[in-house]
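Remarks on the structure that follows.
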Amino acid sequence: MNRNDWITQAARLQAAQQAFALVTVLRAEAPTSAKPGDKALVTADGQIHGWIGGGCAQPAVLKTVRRALADGQSQTIRIAPTDTTAERTLGDVLEFGMACHSGGTLELFVDPVLPATQLTVFGDSPVARALVGLAPRVGLCVALVAEGAMSSDHPDASVVLASDEASHVVSQLNSGGYAVVATQGRRDLPGLKAALALAPSHLWFVASERKAGVLRSSLVAGGEDADRVAGIIAPAGESIGAQTPEEIALSVLAAVVAAHRGRATHRQEPAPLAPPAAGQEDAVMPAKSCCGGAQQAADPTPASQTPAVTVANGPQAVKKSCCGS
Numbered sequence: 051m052n053r054n055d056w057i058t059q060a061a062r063l064q065a066a067q068q069a070f071a072l073v074t075v076l077r078a079e080a081p082t083s084a085k086p087g088d089k090a091l092v093t094a095d096g097q098i099h100g101w102i103g104g105g106c107a108q109p110a111v112l113k114t115v116r117r118a119l120a121d122g123q124s125q126t127i128r129i130a131p132t133d134t135t136a137e138r139t140l141g142d143v144l145e146f147g148m149a150c151h152s153g154g155t156l157e158l159f160v161d162p163v164l165p166a167t168q169l170t171v172f173g174d175s176p177v178a179r180a181l182v183g184l185a186p187r188v189g190l191c192v193a194l195v196a197e198g199a200m201s202s203d204h205p206d207a208s209v210v211l212a213s214d215e216a217s218h219v220v221s222q223l224n225s226g227g228y229a230v231v232a233t234q235g236r237r238d239l240p241g242l243k244a245a246l247a248l249a250p251s252h253l254w255f256v257a258s259e260r261k262a263g264v265l266r267s268s269l270v271a272g273g274e275d276a277d278r279v280a281g282i283i284a285p286a287g288e289s290i291g292a293q294t295p296e297e298i299a300l301s302v303l304a305a306v307v308a309a310h311r312g313r314a315t316h317r318q319e320p321a322p323l324a325p326p327a328a329g330q331e332d333a334v335m336p337a338k339s340c341c342g343g344a345q346q347a348a349d350p351t352p353a354s355q356t357p358a359v360t361v362a363n364g365p366q367a368v369k370k371s372c373c374g375s
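Last residue of the sequence shown: 375 in my numbering, with the numbers rising by one and none dropped.
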């Protein structure tokens with residue numbers, strides 16, 4: 051057995067964006083076959099690559115790995131010989147009894163390694179472009195969806211889709227994750243419909259409260275689920291006095307990070323809507339964009355009536371691992 055097999059497997063699973071846990075032996079009391087520093091890569095389906103001891107410890111390890119992959123939290127565990135396999139918490143250590151006759155005690159650290167979280171940005175506005183550039187810097191996998199978009203124009207995006215038709219978006223991207231609609235007057239309704247179709251855990255809309263209210267009504271009238279529509283967060287972003295596209299993108303990214311880290315803010319409550327951040331009205335009202343360019347009014351054309359557009363580098367959007375299905 052190659053005790054360092056976990057290195058090769060870790061690279062393979064990370065490239066495939068598959069979750070796993072790295073389990074490291076911290077302490078071992080004889081008789082044990084594992085030694086401090088031994089490591090293994092463990093998957094949720096029970097595959098073990100590397101070495102962390104014999105079969106007696108594996109049930110406790112697998113149970114802990116599955117928990118860690120579900121909640122994303124690392125955990126120190128101790129496996130000690132007892133008459134039962136009961137578990138108990140001792141401070142920050144989770145102890146498992148081991149009824150196996152071999153004896154010995156192991157202390158291990160279980161560290162989950164999860165795929166990058168997907169952030170789907172809708173629109174090709176200055177705010178959308180700035181957000182696509184910023185989000186990968188905090189570890190998010192970014193997919194950009196904008197009618198007619200070219201992948202060469204968005205080097206920081208892992209995936210670029212040139213059609214915002216909802217069925218096309220769903221066929222190319224994983225569901226869930228986070229979504230930001232920053233269409234800013236150009237194809238607002240198709241962008242919102244496609245974003246809702248992905249069923250993200252949080253959906254932000256870069257728009258004023260008034261504009262968001264009008265479009266929510268249009269979405270419900272068009273058959274979208276009222277509860278899901280009510281969950282659209284607008285105005286988007288943390289209140290930092292943002293005025294430029296880059297500042298607005300930063301405020302939106304701050305809200306995404308807060309949601310990702312389990313921090314709720316007043317901007318993440320769908321109702322009642324919070325007032326827009328200072329300067330954000332100019333970025334989303336139809337009259338004028340934050341950079342001085344005139345914006346179009348919200349496009350009422352249903353997504354089903356918009357023709358599919360291919361990405362410049364081929365007839366199909368290239369699915370990259372972190373955002374593709």
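Beta carbons are placed, not taken as given, at the ideal position from N, Cα and C, and that holds for glycine.
**Asked** If you draw a straight line from the C-alpha of residue 291 to the C-alpha of residue 302, how long is it?
**Response** On the sequence shown, residue 291 is found 241 positions in, with the first residue counted as 1. On the sequence shown, residue 302 is found 252 positions in, with the first residue counted as 1. So the two alpha carbons sit approximately 12 Å from each other.
**Message:** At 3 residues or longer, what runs of the beta strand (DSSP E) sit wholly inside the segment 192–239?
**Reply:** 209–211, 228–231
**Request:** Alpha carbon to alpha carbon, how far is residue 83 from residue 105? Give it in angstroms, no decimals.
**Result:** One-based indexing of the sequence shown puts residue 105 at position 55. One-based indexing of the sequence shown puts residue 83 at position 33. Their Cα atoms are separated by approximately 10 Å.
**Request:** Check residue 161 in the structure and name its three-state DSSP category.
**Result:** Taking the sequence shown and counting its residues from 1, one reaches residue 161 at position 111. Reduced to three states, the DSSP call for residue 161 is strand.
**Asked** Helix, strand or coil: which one does DSSP assign to residue 60?
**Response** As a position in the sequence shown, residue 60 is number 10, starting the count at 1. Of the three classes helix, strand and coil, the one that applies to residue 60 here is helix, per DSSP.
**Message:** So, with DSSP's three-state summary, where would you put residue 378?
**Reply:** Absent from the structure is residue 378, since the part of the chain shown begins at 51 and ends at 375.
**Prompt:** So does the segment 92–107 actually touch the segment 68–75, counting three or more Cβ pairs closer than 8 Å?
**Reply:** The count of Cβ pairs closer than 8 Å, one atom from the segment 92–107 and one from the segment 68–75, reaches three, so the stretches are in contact.
**Item:** Delimiting residues of the beta strand (DSSP E) encompassing residue 33
**Value:** Since the first residue shown for the chain is 51 and the last is 375, residue 33 is missing from the structure and cannot be characterised.
**Request:** Starting from the Cα of residue 250, find the closest Cα among 259, 211, 289, 306 and give me that residue.
**Result:** Position 200 of the sequence shown, counting from 1, holds the residue named residue 250. Checking every option, the nearest Cα to that of residue 250 belongs to 306.
**Prompt:** Based on the DSSP output, what are the partners of residue 79 in its beta bridges?
**Reply:** Within the sequence shown, residue 79 is the residue found at index 29, counting from 1. Answer by DSSP bridge pairing, in chain order: 155.
**Message:** I'd like to confirm the pairing. Which residues does DSSP put opposite residue 143 in its beta bridges?
**Reply:** The residue you call residue 143 lines up with position 93 of the sequence shown. BP columns for residue 143 point to 126, 140.
**Message:** Taking the alpha-carbon of residue 309 as reference, which of 267, 228, 262, 261 has the nearest alpha-carbon?
**Reply:** Taking the sequence shown and counting its residues from 1, one reaches residue 309 at position 259. Selected option, being the one with the closest Cα: 228.
**Prompt:** To which residues does DSSP link residue 168 through a beta bridge?
**Reply:** Indexing the sequence shown from 1 puts residue 168 at position 118. DSSP output for residue 168 lists 191 as bridge partner(s).
**Request:** Specify, as a first and last residue, the run of the beta strand (DSSP E) that residue 282 falls within.
**Result:** Start at 1 with the first residue of the sequence shown, and residue 282 comes out as number 232. From DSSP, residue 282 is part of no beta strand (DSSP E); its letter is neither H nor E.
**Message:** Less than 6 Å between C-beta atoms, sequence neighbours within five positions excluded: which residues of the same chain meet that for residue 354?
**Reply:** Numbered from its first residue, the sequence shown carries residue 354 at position 304. Only weak support exists for where residue 354 lies, its pLDDT of 32 falling under 50; the coordinates are left without a value.
**Collapsed DSSP secondary structure at residue 71 in the structure displayed** = Here residue 71 refers to the residue found at position 21 of the sequence shown. Strand.
**Prompt:** Closest to residue 132 by CA distance: which of 217, 147, 195 is it?
**Reply:** In the sequence shown, residue 132 corresponds to position 82, counting from 1. Closest by alpha carbon: 147.
**Request:** Quick one: grab the DSSP three-state call for residue 86.
**Result:** Sequence index remark: in the sequence shown, residue 86 carries index 36 (1-based). Three-state result, residue 86: coil.
**Message:** Let me make sure I understand the geometry here. Which of 93, 128, 107 has the alpha-carbon closest to that of residue 117?
**Reply:** The residue labelled residue 117 in the question sits at position 67 within the sequence shown. Looking from the CA of residue 117, the closest CA among 93, 128, 107 belongs to 93.
**Asked** In the structure shown, what three-state DSSP assignment does residue 241 receive?
**Response** Your numbering for residue 241 matches position 191 in the sequence shown. Reduced to three states, the DSSP call for residue 241 is helix.
**Message:** Please report the straight-line C-alpha distance between residue 145 and residue 128, rounded to a whole angstrom.
**Reply:** Your numbering for residue 145 matches position 95 in the sequence shown. Your numbering for residue 128 matches position 78 in the sequence shown. Near 5 Å, if we compare the C-alpha coordinates of residue 128 and residue 145.
**Request:** Below 7 Å CB to CB, which residues in the same chain sit around residue 192 once its five sequence neighbours on both sides are set aside?
**Result:** Indexing the sequence shown from 1 puts residue 192 at position 142. Correct list, in chain order: 169, 171, 182, 185, 186, 206, 207, 208.
**Prompt:** For residue 250, which of helix, strand or coil comes out of DSSP?
**Reply:** Counted from its first residue, the sequence shown places residue 250 at position 200. Of the three classes helix, strand and coil, the one that applies to residue 250 here is coil, per DSSP.
**Asked** Of the choices 81, 68, 267, 158, whose alpha-carbon is the least far from that of residue 110?
**Response** In the sequence shown, counting from the first residue as 1, residue 110 sits at position 60. Residue 158 is the option with its Cα nearest to residue 110.
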